[in-house]
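Inspection log for the structure reproduced underneath, given as structure tokens.
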Amino acid sequence: MKSAPINASCSPTHYNCILGNLGATEERSDEYRWWCNSPNGGSNVLCSEVKTSKICSINSFTADNSNPNLGTGTTLRFSLSGSNTTWSLALLAGTTQPSSSSGVNSGTVTTGNLNAVHIYRLTCDNTTRDLTVIPKNLPPQTCQNPSASNYGGPLPCVFVPPGGVSVDVLIKKSIESDSQYRSSLSLASSETNAPLRILYTVANANNCIGIGSWSGVRHNYTDSDPVTGPTTPGTYYYGVRCTGTSGGVAEDSVTVVMSSLPNETCRDINADNYGGPTPCTYNQQVNGSCGDRNTTYVFGTEDYPAESKFCSLGTLRTNSGLVPVFPQPGESTSWFCDGINGGGNAGPCTTRLDVQTFRITAEHSTGGTVKSTTDSNINCGDNCSHNYGVGSSVTLQALPGSTYWKLGGWITSPPSICMGDGLCVISNIDKNVTARAVFVLRAFNYIEF
7 MKSAPINASC
17 SPTHYNCILG
27 NLGATEERSD
37 EYRWWCNSPN
47 GGSNVLCSEV
57 KTSKICSINS
67 FTADNSNPNL
77 GTGTTLRFSL
87 SGSNTTWSLA
97 LLAGTTQPSS
107 SSGVNSGTVT
117 TGNLNAVHIY
127 RLTCDNTTRD
137 LTVIPKNLPP
147 QTCQNPSASN
157 YGGPLPCVFV
167 PPGGVSVDVL
177 IKKSIESDSQ
187 YRSSLSLASS
197 ETNAPLRILY
207 TVANANNCIG
217 IGSWSGVRHN
227 YTDSDPVTGP
237 TTPGTYYYGV
247 RCTGTSGGVA
257 EDSVTVVMSS
267 LPNETCRDIN
277 ADNYGGPTPC
287 TYNQQVNGSC
297 GDRNTTYVFG
307 TEDYPAESKF
317 CSLGTLRTNS
327 GLVPVFPQPG
337 ESTSWFCDGI
347 NGGGNAGPCT
357 TRLDVQTFRI
367 TAEHSTGGTV
377 KSTTDSNINC
387 GDNCSHNYGV
397 GSSVTLQALP
407 GSTYWKLGGW
417 ITSPPSICMG
427 DGLCVISNID
437 KNVTARAVFV
447 LRAFNYIEF
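Taking my numbering, I'd label the letters of the sequence shown as residues 7 to 455.
Here's what the structure looks like:
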């Protein structure tokens with residue numbers, strides 16, 4: 007199912023977004039301005055924050071041990087400066103309250119004994135800083151994050167809302183015959199220590215850790231890590247838990263079933279004859295179909311949306327055999343979705359990422375109009391503005407309304423983009439520009455007879 011478009015929204019602090027990705031920024035004498043761009047085709051929004059004198063700064067906020075042993079605690083340390091260093095400490099995730107929740111000046115607090123992930127938010131004046139402490143060896147059988155709606159229930163943890171962070175984890179055997187990433191995998195007992203490769207896609211995260219059958223710090227971007235497979239029959243899971251940039255926590259996991267089935271049996275759990283003799287068989291023919299990643303994303307999108315798919319039907323195939331990476335601005339990446347059991351193939355499917363754009367606006371005084379000569383995108387009277395890609399150019403022409411008028415000159419913001427009374431050429435576009443054509447009356451000499 008295709009995800010609904012997410013409309014971007016502004017954070018109250020400059021150069022931050024509650025929803026969406028940070029785009030172009032601008033600092034003015036009296037305010038900050040920045041764009042928050044939708045990650046999947048929703049609306050973008052221009053944000054602003056009036057400059058105020060900061061009376062408190064958080065220089066540092068750290069834990070003596072960010073991964074203490076389960077059932078133990080640690081000390082949180084923070085350094086403050088400014089004219090008013092009154093602070094407060096809130097618990098965003100977890101149940102064990104720190105030794106102090108407010109005070110004045112730099113200092114320390116103790117966490118108490120921790121048996122789950124805890125997230126702390128330090129606030130001083132209008133400045134905040136978040137810190138996550140994750141005990142070692144958390145039990146994998148149930149959701150151990152108290153901020154989850156299914157805390158204590160079956161994995162994976164469910165967070166509503168997740169604070170913007172999203173995680174998508176897939177897995178495959180690292181052998182050429184199984185190039186399809188999937189959400190579950192079945193191995194035979196003879197494949198102990200089988201090489202596995204886990205791909206995880208993360209959006210809007212500060213940090214991530216491995217949970218379940220692997221551990222350690224993970225990256226906060228698309229990655230693919232090799233791990234050692236299970237050694238005895240059973241059900242295992244490999245997960246990633248991430249802390250979001252806006253304070254939320256989210257996780258996702260994949261399942262690996264190690265069975266005692268011999269190699270010559272079908273081990274694809276999606277097949278009709280799973281556990282039976284090879285080859286694997288399927289009830290019906292399935293035609294391949296491109297997934298919702300077959301689209302163009304707005305500039306500022308950093309990765310595929312967590313719930314999006316390369317193929318809605320069929321199996322993923324690429325020329326390189328690797329999962330397509332998210333493209334850079336102005337570029338694209340392609341793949342095919344092959345049918346199952348003789349079904350037709352689809353493709354090439356393509357993901358494109360728009361380049362950064364800036365708004366060029368034409369204005370004019372009484373006496374004429376303005377149009378673009380390098381294209382037909384600007385024609386005052388119908389459309390006096392257009393978004394142009396970074397590095398592109400446009401030429402504006404001022405057209406007097408009659409012989410009584412002539413172009414007196416251009417006024418631009420920022421200033422001095424165009425000079426004189428000729429064409430206005432805006433080259434190598436890297437900012438929003440407004441160009442105003444000022445028309446003046448011609449001087450006529452009248453002779454009486």
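Here a beta-carbon is modelled for each residue, glycine too, at the ideal position from N, C-alpha and C.
Checklist entry - How should residue 299 be labelled, buried or exposed, when 16 other C-beta atoms within 10 angstroms of its C-beta is the threshold for buried? => result buried
Next on the checklist: Rounded to the nearest angstrom, what separates residue 293 and residue 348 at their Cα positions?
Outcome noted: 8 Å
Checklist entry - With 16 other CB atoms within 10 Å as the buried threshold, where does residue 537 fall? => result Nothing can be reported for residue 537, as the shown portion of the chain is limited to 7 through 455.
Checklist entry - Mapping DSSP to helix, strand and coil, what is residue 197? => result Note: residue 197 maps to helix in three-state DSSP.
Checklist entry - Are the beta-carbon atoms of residue 46 and residue 12 separated by less than 8 Å? => result yes
Checklist entry - Using the C-alpha atoms, what's the distance from residue 73 back to residue 65? => result A direct Cα-Cα distance of roughly 22 Å separates residue 65 from residue 73.
Checklist entry - Whole beta strand (DSSP E) runs in the region 87-125 with 3 or more residues, listed along the chain? => result Contiguous beta strand (DSSP E) elements confined to the region 87-125 occur at 92-99, 108-110, 113-116, taking only those with 3 or more residues.
Checklist entry - Fully enclosed by the region 409-444, which beta strand (DSSP E) runs are 3 residues long or longer? => result Correct list: 411-419, 430-432.
Checklist entry - How would you call residue 458, buried or exposed, if buried means at least 16 neighbouring beta carbons within 10 angstroms? => result In the structure as shown, the chain starts at 7 and stops at 455, and residue 458 therefore has no counterpart that could be examined.
Checklist entry - With distances taken between CB atoms, is the gap from residue 129 to residue 94 smaller than 8 Å? => result Going by C-beta atoms, residue 129 is nearer than 8 Å to residue 94.
Checklist entry - If you run the structure through DSSP and keep just helix, strand and coil, what is residue 83? => result strand
Item to check | Test item: CB-CB of residue 378 and residue 400 under 8 Å | outcome: yes
Next on the checklist: As a quick exercise: from 295, 374, 216, 236, pick the residue whose alpha carbon is nearest that of residue 258.
Outcome noted: 216
Item to check | Proximity below 8 Å, CB of residue 312 to CB of residue 223 | outcome: no
Checklist entry - At a cut of 8 Å, does the region 124-140 reach the region 75-84 through at least three beta carbon pairs? => result yes
Checklist entry - Can the beta-carbon of residue 374 be found closer than 8 Å to that of residue 420? => result no
Checklist entry - DSSP beta-bridge partners for residue 258? => result 246
Next on the checklist: I need the DSSP call for residue 370, collapsed to helix, strand or coil.
Outcome noted: Of the three classes helix, strand and coil, the one that applies to residue 370 here is strand, per DSSP.
Next on the checklist: Need the endpoints of the beta strand (DSSP E) that residue 284 sits in, please.
Outcome noted: Residue 284 -> no beta strand (DSSP E), and no H or E assigned at all.
Item to check | Member of 124, 56, 88 whose CA lies at the smallest distance from the CA of residue 80 | outcome: Residue 124 is the option with its Cα nearest to residue 80.
Next on the checklist: Starting from residue 403, trace the beta strand (DSSP E) in both directions and tell me its first and last residue.
Outcome noted: Counting along the chain, the unbroken beta strand (DSSP E) around residue 403 starts and ends at 400-406.
Next on the checklist: What does DSSP give as the partner residue(s) for residue 211 in the beta ladder?
Outcome noted: 250
Checklist entry - Quick one: any contact between the region 319-328 and the region 336-347, if contact means 3 or more CB pairs under 8 Å? => result yes
Next on the checklist: When you compare the region 234-246 with the region 199-214, are there three or more beta-carbon pairs, one atom per stretch, that lie closer than 8 Å?
Outcome noted: yes
Next on the checklist: Checking 8 Å against the spacing of the C-beta atoms, do residue 244 and residue 346 come in under that value?
Outcome noted: no
Checklist entry - Would residue 183 be called buried (16 or more neighbouring beta carbons within 10 Å of its own) or exposed? => result In this prediction, residue 183 has a pLDDT of 44, which is less than 50 and means its spatial position is unreliable; what the coordinates show is noted afterwards. The residue is exposed, with fewer than 16 neighbouring Cβ atoms inside 10 Å.
Next on the checklist: Going by C-alpha to C-alpha distance, which of 318, 117, 92, 113 sits closest to residue 104?
Outcome noted: 117
Checklist entry - Among 343, 435, 396, 440, which one has its Cα closest to the Cα of residue 390? => result Ranking the options by Cα distance to residue 390, first place goes to 440.
Checklist entry - Taking all protein chains shown into account, do 16 or more other C-beta atoms lie within 10 angstroms of the C-beta of residue 330, making it buried, or fewer, making it exposed? => result Counting C-beta atoms within 10 angstroms of its own C-beta, residue 330 has 16 or more neighbours from the protein chains shown and is therefore classed as buried.
Item to check | Cα-Cα separation, residue 332 to residue 438 | outcome: 27 Å
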